[in-house]
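Protein chains in written order, with our numbering: chain Z, 2 to 218; chain P, 43 to 213.
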C-alpha cells in the first residue's frame with residue numbers, strides 16, 4: 002500500500018548539497034543580470050532568411066547588426082525573450098534553434114531541441130516530416146521535405162497567436178558547407194530605436210550562436 | 043530580482059528543484075546540475091514574482107523542462123539506464139527507502155506527477171501546468187501510479203515475508 006506520509010518523509014530526506022547552492026550564488030555575484038548594454042548581432046548569413054515583422058527591406062542595415070541598450074529582459078519559454086529598450090521600445094527576440102539532418106548509415110536522423118528523431122520512414126513514405134515544439138513563449142516547426150540524398154529543411158519560430166515569426170531554409174549542401182548554430186531575430190518597435198542603435202558593421206558569428214538569455218560581457 | 047532575493051530563493055527552493063530533477067533523472071549528479079541550471083535561469087530572467095507561490099511554480103515548471111532536456115540528450119540515454127534507480131540517495135529508514143524505491147521504479151511522468159502532487163502539494167491543475175498535460179491526463183497518471191505503487195509495494199512485502207521465514211525442521 003502506498004503511504005503518502007512515508008513518501009513525504011522519504012522525500013524530506015533528499016537535499017541538494019549546500020556547496021552547489023553556494024556555488025550558484027557566488028556565480029551570480031560575479032555576473033550581474035540586466036540594465037547594462039546588450040549587444041545583439043544579427044548575422045546576414047543563411048541563418049536568417051525571413052523576418053516577418055519590424056525589419057523591412059527599407060532598412061537592410063538592421064541585418065548587419067545592432068547595438069541596443071536594454072533595460073529589461075524577460076525569458077518567455079525556451080525560444081523567446083521580451084525586451085524593453087531604454088526609451089521604452091518593446092522588442093521580441095526569437096531564437097531559431099539549430100536543426101540538422103544527418104545521414105547515419107543510410108538513416109535520416111533529425112537533431113533538434115536536444116532530440117534525435119529517425120525520420121527515414123516518414124521521408125520514404127510521405128516525402129516529408131514535421132517536428133513541432135511549443136511552449137508559452139513560442140512555437141517551433143521544423144519541416145523536412147525530400148529524401149535523404151536531397152532535402153530542404155524549413156525551421157520556423159513564431160509567437161503563438163501573433164503574426165510575428167522567423168524562418169530559416171536550409172538544404173543539404175548548405176548544411177555541409179557551413180557550421181551550424183542557433184540564430185536570432187528581433188522584431189518590435191524598431192523605429193523607436195533609431196536614436197539608440199548603431200550598426201556594428203561586422204558580422205558576429207559568436208553572438209548569433211550565443212544561447213538566449215546570456216548577455217555578452 | 044536583487045542579489046539578496048536571489049540568494050534567499052536559491053536557499054529556500056534549492057531542495058525543491060533538486061527533488062523534482064531527481065525524480066525525473068534518478069541520478070544525483072544530473073539532478074544537482076539541473077538545480078544549478080534552473081537557479082541560474084532564475085537569476086538571468088530578472089523576473090519579479092507576484093508571490094512566493096508564483097516563484098515556486100515557475101521554478102517547478104522550469105525544473106521539469108530542464109530535466110526533460112537532459113533526458114532527451116543522447117549522451118545521457120547511452121550513459122544511464124533510465125529504468126534503474128541505482129546508487130540513488132536513500133533514506134536510512136527501511137520503510138521510507140522502500141516507498142521511495144517504488145516511486146523511482148515508475149515511469150518518468152508518473153514519478154513527476156507523484157512528486158509534484160504528493161510532496162510539493164500542487165493541485166492537479168498545477169501539476170498539469172508544470173508537466174504541460176491536461177488535468178484529466180494527470181488524474182489518470184496519478185491513479186495508475188497509485189495502482190502500480192500498491193502492486194510494487196505489496197509484491198515487495200511478500201518477498202520480504204518469504205525472505206525472513208525461519209527455516210524449520212519438518213518432522
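Think of the CB as a built atom: it goes at the ideal place given N, C-alpha and C, for glycine as much as any other residue.
Under the assumption that residue i contacts residue j (Cβ atoms under 8 Å), give the Cβ distance between them as a whole number of angstroms.
i, j, result
"residue 97 of chain P", "residue 91 of chain P", "4 Å"
"residue 144 of chain P", "residue 180 of chain P", "So it is not a contact: roughly 20 Å between Cβ atoms."
"residue 172 of chain P", "residue 106 of chain P", "5 Å"
"residue 140 of chain Z", "residue 161 of chain Z", "6 Å"
"residue 134 of chain Z", "residue 145 of chain Z", "Incorrect: roughly 14 Å between the Cβ atoms, too far for contact."
"residue 166 of chain Z", "residue 79 of chain Z", "About 15 Å separates the two Cβ atoms, so there is no contact after all."
"residue 169 of chain P", "residue 158 of chain P", "5 Å"
"residue 167 of chain P", "residue 177 of chain P", "5 Å"
"residue 18 of chain Z", "residue 94 of chain P", "The Cβ separation is near 24 Å, so there is no contact."
"residue 43 of chain P", "residue 103 of chain P", "Going by Cβ atoms, the distance from residue 43 of chain P to residue 103 of chain P rounds to 17 Å, so no, they are not a contact pair."
"residue 67 of chain P", "residue 76 of chain P", "7 Å"
Could you compute how far the alpha carbon of residue i sits from the alpha carbon of residue j?
i, j, result
"residue 46 of chain P", "residue 53 of chain P", "11 Å"
"residue 114 of chain Z", "residue 89 of chain Z", "32 Å"
"residue 49 of chain P", "residue 78 of chain P", "12 Å"
"residue 56 of chain P", "residue 22 of chain Z", "7 Å"
"residue 173 of chain Z", "residue 110 of chain P", "29 Å"
"residue 49 of chain Z", "residue 148 of chain Z", "For residue 49 of chain Z, the pLDDT reaches just 35, beneath the cut-off of 50, and the residue's location in the model is therefore unreliable, leaving the point undetermined."
"residue 60 of chain P", "residue 16 of chain Z", "7 Å"
"residue 102 of chain Z", "residue 109 of chain Z", "6 Å"
"residue 168 of chain Z", "residue 74 of chain Z", "23 Å"
"residue 197 of chain P", "residue 2 of chain Z", "10 Å"
"residue 156 of chain Z", "residue 112 of chain Z", "12 Å"
"residue 191 of chain P", "residue 63 of chain P", "20 Å"
"residue 11 of chain Z", "residue 139 of chain P", "7 Å"
"residue 164 of chain P", "residue 24 of chain Z", "29 Å"
"residue 128 of chain Z", "residue 175 of chain Z", "20 Å"
"residue 194 of chain P", "residue 7 of chain Z", "15 Å"
"residue 99 of chain P", "residue 162 of chain P", "10 Å"
"residue 72 of chain Z", "residue 163 of chain Z", "24 Å"
"residue 66 of chain Z", "residue 96 of chain Z", "Unreliable positioning characterises residue 66 of chain Z in this predicted model, as indicated by a pLDDT of 46, which lies under 50. The coordinate reading is nonetheless provided below. Computed Cα separation, rounded: 15 Å."
"residue 58 of chain P", "residue 108 of chain P", "14 Å"
"residue 120 of chain Z", "residue 71 of chain P", "32 Å"
"residue 154 of chain Z", "residue 77 of chain Z", "25 Å"
Using alpha carbons as the reference points, say which of the options lies closest to residue i.
i, options, result
"residue 65 of chain P", "P:113, P:178, P:192 and P:186", "P:113"
"residue 85 of chain Z", "Z:79, Z:78 and Z:94", "Z:94"
"residue 69 of chain P", "P:183, P:157, P:146 and P:99", "P:146"
"residue 107 of chain Z", "Z:26, Z:122, Z:116 and Z:78", "Z:122"
"residue 134 of chain P", "Z:14, Z:170, Z:98 and Z:118", "Z:14"
"residue 99 of chain Z", "Z:170, Z:124 and Z:75", "Z:170"
"residue 158 of chain Z", "Z:152, Z:120, Z:109 and Z:82", "Z:82"
"residue 148 of chain P", "P:162, P:168, P:93 and P:185", "P:185"
"residue 152 of chain P", "P:136, P:167, P:140 and P:189", "P:189"
"residue 132 of chain Z", "Z:142, Z:151 and Z:25", "Z:142"
"residue 117 of chain Z", "Z:11, Z:25 and Z:105", "Z:105"
"residue 29 of chain Z", "P:51, P:195 and P:193", "P:51"
"residue 183 of chain P", "P:89, P:161, P:162 and P:150", "P:150"
"residue 87 of chain P", "P:71, P:101 and P:58", "P:101"
"residue 27 of chain Z", "P:85, P:108, P:104 and P:99", "P:85"
Give the DSSP bridge partners of residue i, in chain order.
i, result
"residue 146 of chain Z", "Z:129 and Z:153"
"residue 161 of chain P", "For residue 161 of chain P, which the question treats as bridged, DSSP gives no partner whatsoever."
"residue 84 of chain Z", "Z:74 and Z:92"
"residue 100 of chain Z", "Z:113"
"residue 166 of chain Z", "Z:159"
"residue 172 of chain Z", "Z:153"
"residue 135 of chain Z", "Z:140"
"residue 286 of chain Z", "The requested residue 286 of chain Z does not occur in the structure, where chain Z is confined to residues 2 to 218."
Going by DSSP in three states, residue i sits in which element: helix, strand or coil?
i, result
"residue 207 of chain P", "Because residue 207 of chain P carries a pLDDT of 46, less than 50, the predicted location of this residue cannot be relied on, and no value is offered for it."
"residue 187 of chain P", "helix"
"residue 159 of chain Z", "strand"
"residue 135 of chain P", "coil"
"residue 66 of chain P", "helix"
"residue 30 of chain Z", "helix"
"residue 148 of chain P", "coil"
"residue 197 of chain P", "helix"
"residue 196 of chain Z", "Its pLDDT being 42, under 50, residue 196 of chain Z is placed unreliably by the model, and the measurement read from it follows with that caveat. Coil, per DSSP."
"residue 61 of chain P", "helix"
"residue 105 of chain Z", "strand"
"residue 52 of chain P", "helix"
"residue 4 of chain Z", "coil"
"residue 172 of chain P", "helix"
"residue 153 of chain P", "helix"
"residue 113 of chain P", "helix"
"residue 24 of chain Z", "helix"
"residue 44 of chain P", "coil"
"residue 88 of chain P", "coil"
"residue 16 of chain Z", "coil"
Could you run through the stretch 100 to 113 of chain Z and flag, in chain order, every residue whose CB is less than 7 Å away from some CB of chain B?
Of the protein chains in the structure, Z and P, none is chain B.
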